[in-house]
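Numbering (this note's numbering), first residue to last: 1 to 322.
For every residue, glycine included, the Cβ atom is placed at its ideal position computed from N, Cα and C.
So the structure is just underneath, and the comments pick up after that.
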Amino acid sequence: MGFDWVKERSLRGHQGAVLGCSLAGNYVLTCGEDRTVRLFNPTRSGEGEDQSDGTDETAFLVHTFQGPHGYRVLDVSVKKDHSAFASCGDDKMSFIWDVNTSKVKRKMFGHHGPINSICFGAKNEDIVCSASNDQTIRVYDLRSHNRDGVQILSGFRDSVSSVRISDYQIVAGSIDGCIRTFDVRAAKMFKDTIGDSISYIELSTDLAGSNLVVASCVGDKGSVVLVDRDSGLVLKHYEGHLNVENRIGCGIYSSRTGKDRIICGSEDGYVYIWDLLTGKVVDREKVHDTSLSAIGVSGDRMVSCAYDGGASTYKLVSTETG
Numbered sequence: 001m002g003f004d005w006v007k008e009r010s011l012r013g014h015q016g017a018v019l020g021c022s023l024a025g026n027y028v029l030t031c032g033e034d035r036t037v038r039l040f041n042p043t044r045s046g047e048g049e050d051q052s053d054g055t056d057e058t059a060f061l062v063h064t065f066q067g068p069h070g071y072r073v074l075d076v077s078v079k080k081d082h083s084a085f086a087s088c089g090d091d092k093m094s095f096i097w098d099v100n101t102s103k104v105k106r107k108m109f110g111h112h113g114p115i116n117s118i119c120f121g122a123k124n125e126d127i128v129c130s131a132s133n134d135q136t137i138r139v140y141d142l143r144s145h146n147r148d149g150v151q152i153l154s155g156f157r158d159s160v161s162s163v164r165i166s167d168y169q170i171v172a173g174s175i176d177g178c179i180r181t182f183d184v185r186a187a188k189m190f191k192d193t194i195g196d197s198i199s200y201i202e203l204s205t206d207l208a209g210s211n212l213v214v215a216s217c218v219g220d221k222g223s224v225v226l227v228d229r230d231s232g233l234v235l236k237h238y239e240g241h242l243n244v245e246n247r248i249g250c251g252i253y254s255s256r257t258g259k260d261r262i263i264c265g266s267e268d269g270y271v272y273i274w275d276l277l278t279g280k281v282v283d284r285e286k287v288h289d290t291s292l293s294a295i296g297v298s299g300d301r302m303v304s305c306a307y308d309g310g311a312s313t314y315k316l317v318s319t320e321t322g
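What follows is the structure, encoded as structure tokens:
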């Protein structure tokens, strides 16, 4: 069976590990160890900002956002209309950027440790959530002047590694091995115990009629877990890749033939793809020389990022081969 994805462009410019990514239509945002956020257009090739050796294989670097971050930038999230994005990292504060002016228009405070993950609300993008090593999630309302947030979600027993917002629910993964769902409307919290430390989660927003969360877990070898958010049941474990140390992103998508897939990076530089229903590895592809750090999937585009400073975009192939 052929690999679902064909390489589109290389994303070049970061000095050090690329630690996070976010897709916005024909644009990709990446962030990393060099304390910058970089905006690429993978549909264009050739020279861009800071690219003197642009080639057809290199994506156009539109802009490098830098200045406020004094430490690693660990995550980035972009609004649906592409007008603004949020970034966070080891600074213990996060930032809202205006894309057109390339300037920070909002600083968000309150956390007492590095911030691992940040996201906009799925429907109300005035709501932003950030997850931190201080074992809390902070909820910010961009219409409010409260710079420390309008709500603090606690109850975690270790670092909160990843957060996502779906309608009226805030879903988080933690190093304590649990996925917690905070139902804002009902003022309730639901906890699903996975066991292994969770370094990253993603929701099944692109699969019609589904209410799933996929979690990347660090363990003896590493695993990816699929959980039904309605029942809290673990539906499937996906194994075969290597993830014993690093935070590595994962995702969920539908192939061109309509088959649902789970995707995750591996510490040996491979991308692994599993059949969602059977849990079997359907393909793996060597895409980096070192461990992957982040995976992003949106529509027919995928991004892979690695600790060696490499990042690439891929397009979903029209048919499966083999």
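Count the other CB atoms within 10 Å of the CB of residue i; is the residue buried (16 or more) or exposed (fewer)?
{"i": "S197", "result": "buried"}
{"i": "V6", "result": "exposed"}
{"i": "Y71", "result": "exposed"}
{"i": "G195", "result": "exposed"}
{"i": "Q15", "result": "exposed"}
{"i": "T36", "result": "buried"}
{"i": "F109", "result": "exposed"}
{"i": "S159", "result": "buried"}
{"i": "E267", "result": "buried"}
{"i": "L277", "result": "exposed"}
{"i": "E202", "result": "buried"}
{"i": "Q169", "result": "buried"}
{"i": "L39", "result": "buried"}
{"i": "S174", "result": "buried"}
{"i": "R157", "result": "exposed"}
{"i": "I96", "result": "buried"}
Quick one: residues in its chain with C-beta nearer than 6 Å to the C-beta of residue i, no 5 flanking neighbours on either side, listed in chain order?
{"i": "T193", "result": "C178"}
{"i": "A311", "result": "L11, V18, T30, C305"}
{"i": "G296", "result": "C21, L23, V303"}
{"i": "S340", "result": "As shown, the chain starts at 1 and ends at 322. That puts residue 340 outside it, with no answer to give."}
{"i": "D75", "result": "G20, C88, S117, I118"}
{"i": "I248", "result": "S216, G265, L292"}
{"i": "F190", "result": "T181"}
Rounded to the nearest angstrom, what separates residue i and residue j at their Cα positions?
{"i": "I263", "j": "W274", "result": "7 Å"}
{"i": "K342", "j": "M93", "result": "Residue coverage of the chain in this structure runs from 1 to 322, which leaves residue 342 outside it and unanswerable."}
{"i": "D183", "j": "D141", "result": "17 Å"}
{"i": "Y238", "j": "K315", "result": "23 Å"}
{"i": "D89", "j": "V28", "result": "Residue identity differs from the one stated: residue 89 is Gly in this sequence, not Asp. Each residue's alpha carbon lies about 18 Å from the other."}
{"i": "T136", "j": "A172", "result": "10 Å"}
{"i": "V281", "j": "Y272", "result": "7 Å"}
{"i": "V78", "j": "D126", "result": "12 Å"}
{"i": "D283", "j": "F60", "result": "29 Å"}
{"i": "H63", "j": "E8", "result": "19 Å"}
{"i": "Y200", "j": "A215", "result": "6 Å"}
{"i": "E33", "j": "P114", "result": "13 Å"}
{"i": "Y253", "j": "L212", "result": "12 Å"}
{"i": "N133", "j": "G13", "result": "28 Å"}
{"i": "V224", "j": "D148", "result": "34 Å"}
{"i": "K107", "j": "A131", "result": "15 Å"}
{"i": "R351", "j": "S231", "result": "Outside the shown range of the chain, which is 1 to 322, sits residue 351, and nothing can be said about it."}
{"i": "G155", "j": "E57", "result": "46 Å"}
{"i": "N146", "j": "L233", "result": "37 Å"}
{"i": "G258", "j": "G219", "result": "31 Å"}
{"i": "L226", "j": "V104", "result": "36 Å"}
Kindly list the residues whose CB is nearer than 7 Å to the CB of residue i, restricted to its own chain and excluding five residues on each side of it in sequence; keep chain order.
{"i": "V150", "result": "V139, Y140, D141, S144"}
{"i": "D91", "result": "H69, G70, Y71"}
{"i": "A222", "result": "The sequence as given places Gly at residue 222; Ala does not occur at that position. H241, L242, N243, V244, listed in sequence order."}
{"i": "S210", "result": "S204"}
{"i": "N41", "result": "N26, Y27, A59, F60, V62"}
{"i": "R185", "result": "Y168"}
{"i": "S102", "result": "H63, F65"}
Return the chain-ordered list of same chain residues with a C-beta closer than 8 Å to the C-beta of residue i, the five sequence neighbours on each side being excluded.
{"i": "S52", "result": "Any reading at S52 needs caution, since the residue's pLDDT is 46, under 50, leaving its predicted position unreliable; the model's value is listed next. Hits under 8 Å: none found."}
{"i": "T205", "result": "A122, S166"}
{"i": "R44", "result": "A59, F60"}
{"i": "N100", "result": "S83"}
{"i": "H354", "result": "The shown model of the chain, from 1 to 322, leaves out residue 354, and the question about it has no answer."}
{"i": "G269", "result": "K286, V287, H288, D289, T290, S291, L292, A306"}
{"i": "R261", "result": "D4, I252, Y253, S254, S255, I273, W274, D275, L276, V282"}
Are the segment 119-136 and the segment 160-171 in contact at 8 Å, needing three or more beta carbon pairs? yes
Which runs of the alpha helix (DSSP H) at least 4 residues long sit entirely within the segment 29-109? Give them in chain order. none
Fully enclosed by the segment 143-202, which beta strand (DSSP E) runs are 3 residues long or longer? 151-153, 160-166, 169-174, 178-183, 188-193
Beta strand (DSSP E) runs contained entirely in the segment 196-268, provided each spans 3 or more residues: 197-203, 212-218, 223-228, 234-238, 250-254, 260-265
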